[in-house]
Amino acid sequence: MTQLLRLVTTLQHEMHGAAAAGAAQPDDFSLRTADHHAMAPQGGYEYVLVIIGVVVTVLLTIYTIKLLVKPGEVGPGHIKRKILTGDR
């Protein structure tokens with residue numbers, strides 16, 4: 001276990017040392033401004049997609065909490081009543 005930890009820390013040190021020692025390479029993926037996974041939205045449609053995703057997530061969260069707190073299964077004809085009473 002100690003050898004594995006030593007190997008990991010050595011590799012991390014080598015990676016960080018190499019990145020700090022050399023100049024920024026233009027073909028380094030993390031330094032490019034285009035085609036990066038953490039880029040800011042470039043167009044209006046991307047903002048629309050993010051807004052739609054946020055709205056869907058908020059609605060799903062609200063309905064999940066609502067149905068967890070008060071499920072609303074109170075009707076005498078609900079399938080749960082038939083299963084619990086044994087009248088199959």
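Going by this note's numbering, 62 is the number at position 62 of the sequence shown; the sequence numbering is gapless.
In this text, a Cβ means the ideal position worked out from N, Cα and C, and glycines have one as well.
Item	Value
Own chain residues within Cβ distance below 7 Å of Val74, not counting five before or after	none
Length of the line joining the Cα atoms of Val50 and Gln42	12 Å
8 Å Cβ cutoff, Val55 in contact with chain D	Absence of chain D from the displayed structure is noted, only one protein chain being present.
Helix, strand or coil at Gly44 according to DSSP, with G and I counted as helix	helix
Opening and closing residue of the alpha helix (DSSP H) in which Lys82 lies	Ile79 to Thr85
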